[in-house]
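In my numbering, the protein residues as written are 4 to 481.
We put the beta carbon where it would ideally sit given N, CA and C, even for glycine.
Okay, structure first, notes after.
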C-alpha cells in the first residue's frame with residue numbers, strides 16, 4: 004500500500020503531525036488541570052472567611068478555655084465541619100493544635116506572619132511545586148490565632164475536562180489534523196514531482212529520445228540530481244552521436260579503398276589493363292589501398308584496446324633524445340623526397356620510464372603530419388626543453404596553419420581537416436592524433452596543439468619525468 008515514495012512521505016508527515024498534536028494536547032490538558040480557577044478561588048476564600056469569622060466572634064472564648072489535651076479533638080471536629088485543615092497557633096508561631104498533624108507542617112514563615120498580625124490574613128502557599136493551598140487566619144485573643152487551610156481550586160475541581168474543555172480540544176485537534184492531512188499530501192506531491200518528471204525523462208531516454216532536459220527546481224538536492232541527470236543525458240547523446248559518426252566514418256573509410264581495389268582488380272581480370280604499365284599501375288593502387296586498409300584496421304584495434312584498457316604499456320627506461328633522433332633519421336628520406344627538411348635542436352634529456360615503441364609511434368605520427376602539411380622547401384623543427392619535472396617536445400611545421408574552428412576538433416576520431424586547404428599531401432583517416440593523445444595521456448602527459456593561419460602549427464608533447472624506480476604507468480583521461 005505504501006510502496007511509493009509519495010505515500011511514504013505522506014504517511015511520515017501524518018504520523019509526525021498526529022504525534023505532535025497528541026503531545027501538545029496531553030500537555031495542554033495537564034497544565035489546564037493544574038491551572039488555578041480564579042472564580043473558584045474567590046468562592047473558597049469567602050467560604051473560609053465565613054467560617055473563621057464565626058469561630059473568632061462566637062466560639063473564641065470556648066476555644067481559648069479548652070485544656071491542651073482537648074485541642075486536637077476539637078480541631079478535628081472543626082475540620083470535619085468546615086472541610087478544611089484547622090490549626091490553633093500561639094505566640095511566635097507555635098502550633099498548639101492541628102487537625103491533621105500527619106500532613107506536612109505549615110512553614111514557619113507563614114506561622115510567624117500570622118502570629119505577628121492583629122487582623123485577619125489570607126494567602127497562598129505550596130507544599131510541592133504542583134499543589135497550591137489557600138489559608139485564612141483570624142486572631143482569637145490572648146495571643147491565639149486560628150488558621151483554616153484548603154486546597155486551591157483548579158479546573159479539575161470544577162469538572163470542566165469532561166465538558167467544554169474536552170469538546171474544544173477535540174474540535175481543535177480534528178481541524179488541525181484535517182489541515183495537516185491536506186498539507187502533508189501537498190508537500191509529498193511537491194517533493195516527489197521532480198522525481199516523477201525524472202522517471203518520465205528516463206523512460207523517454209530509454210526509448211531513444213535524447214532531447215530530455217529537466218528543470219532545475221525544487222530543493223537543492225533535487226536540483227543537483229536534475230543537473231546530474233541532464234549532464235548524463237547530454238553525454239549519452241554525445242556518445243550515441245559519436246557512435247553513429249564512428250560507424251559512418253568507418254564505413255566510408257573502408258568503402259573507399261575497397262572500391263579502388265575492386266575496380267583495379269576488375270580491370271586486370273577483364274583485360275582492360277593490358278599494357279604492362281597499366282597493370283603495374285593497377286597493382287600499385289591495389290597495394291597502396293591494401294596498406295591503407297591495414298593501417299586503418301590497426302588504428303581501430305589500437306583505439307579499441309586503449310578504450311578497454313587492454314593495451315599493456317611497457318615500463319622501462321627510455322632515452323627520449325636517442326628515440327627522437329632515430330625517428331627523425333627514419334623519416335628524413337621521405338621528407339626530402341617531397342622537398343621538406345627536418346631539423347632538430349634537442350638537449351640531453353634525463354631518462355624516463357615509459358613504452359619506447361608507443362612513444363616512437365606518437366613522434367612518427369606528429370613528424371609525418373608536419374611533413375605532409377609543409378610546403379615544398381619548408382622546414383619541420385623539433386625542439387625540446389625541460390621545465391621542472393616535465394619534458395616538453397615541440398613539433399613545428401611551415402604549413403598553412405589550422406583555423407580556430409578546426410583546431411578544437413583535430414583530436415576527435417576520424418576528424419580530417421578541410422580537404423580544400425593548401426599545403427596538405429597524402430590523406431589519412433583521422434585517427435593518428437586521437438591515438439597519439441591517448442598514448443601520451445597513458446604516460447601521464449599532455450598533447451596540445453597551437454596554430455595560426457598562414458604561420459604554421461605547433462604540436463607539443465609534455466611528459467613527466469618518471470624515474471626508473473617509480474610505479475607503473477597510470478593512464479589518465481582528459
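Asked: Beta-bridge partners of residue 235, as assigned by DSSP; Found: The partner list for residue 235 (beta bridge, DSSP) is empty, contrary to what the question assumes.
Asked: Backbone secondary structure at residue 47 - three-state DSSP; Found: helix
Asked: Residue burial classification, residue 105 (beta-carbon count within 10 angstroms, cutoff 16); Found: exposed
Asked: Own chain residues within Cβ distance below 7 Å of residue 54, not counting five before or after; Found: 85, 151
Asked: Beta bridge counterpart(s) of residue 346 as assigned by DSSP; Found: 384
Asked: Test item: CB-CB of residue 367 and residue 334 under 8 Å; Found: yes
Asked: Rounded distance between the beta-carbons of residue 410 and residue 454, thought under 8 Å; Found: 5 Å
Asked: Contiguous alpha helix (DSSP H) assignments of at least 4 residues, all confined to the region 145 to 219; Found: 158 to 161, 169 to 209
Asked: Distance between beta carbons of residue 260 and residue 295, contact taken as under 8 Å; Found: 5 Å
Asked: Nearest-angstrom Cβ-Cβ length linking residue 153 and residue 67, presumed shorter than 8 Å; Found: So it is not a contact: roughly 24 Å between Cβ atoms.
Asked: 8 Å Cβ cutoff met for residue 213 and residue 246; Found: no
Asked: Beta bridge counterpart(s) of residue 100 as assigned by DSSP; Found: 91
Asked: Residue 138 in three-state terms, based on DSSP; Found: strand
Asked: Reference residue 459; option with closest CA among 393, 372, 448, 25; Found: 372
Asked: Supposed close pair residue 110, residue 88 - CB separation, criterion 8 Å; Found: So it is not a contact: roughly 14 Å between Cβ atoms.
Asked: Strand pairing of residue 357, partner residues [DSSP]; Found: 319
Asked: Three-state class that DSSP yields for residue 394 in the structure shown; Found: strand
Asked: Whole-angstrom distance between residue 468 and residue 356, CA atom to CA atom; Found: 8 Å
Asked: Residue 12 beta carbon less than 8 Å from that of residue 229; Found: no
Asked: Backbone secondary structure at residue 276 - three-state DSSP; Found: coil
Asked: Other residues of its chain near residue 462: CB distance less than 6 Å, five sequence neighbours each side excluded; Found: 369, 398, 452
Asked: Beta-carbon contacts of residue 271 that lie in its chain and below 7 Å, excluding the five residues immediately before and after; Found: 282, 285
Asked: C-beta contact flag for residue 63 and residue 144 at 8 Å; Found: yes
Asked: Cβ-based burial, residue 445 [other Cβ within 10 Å; buried from 16]; Found: buried
Asked: Euclidean distance between Cα positions of residue 403 and residue 317; Found: 37 Å
Asked: Per-residue DSSP class, three states only, for residue 426; Found: Here residue 426 scores only 48 on pLDDT, less than 50, and its place in the model is too uncertain to base an answer on.
Asked: Residue 400 classed as buried or exposed, judged by whether at least 16 other C-beta atoms fall within 10 angstroms; Found: buried
Asked: Within 8 Å, strictly: CB atoms of residue 349 and residue 391; Found: no
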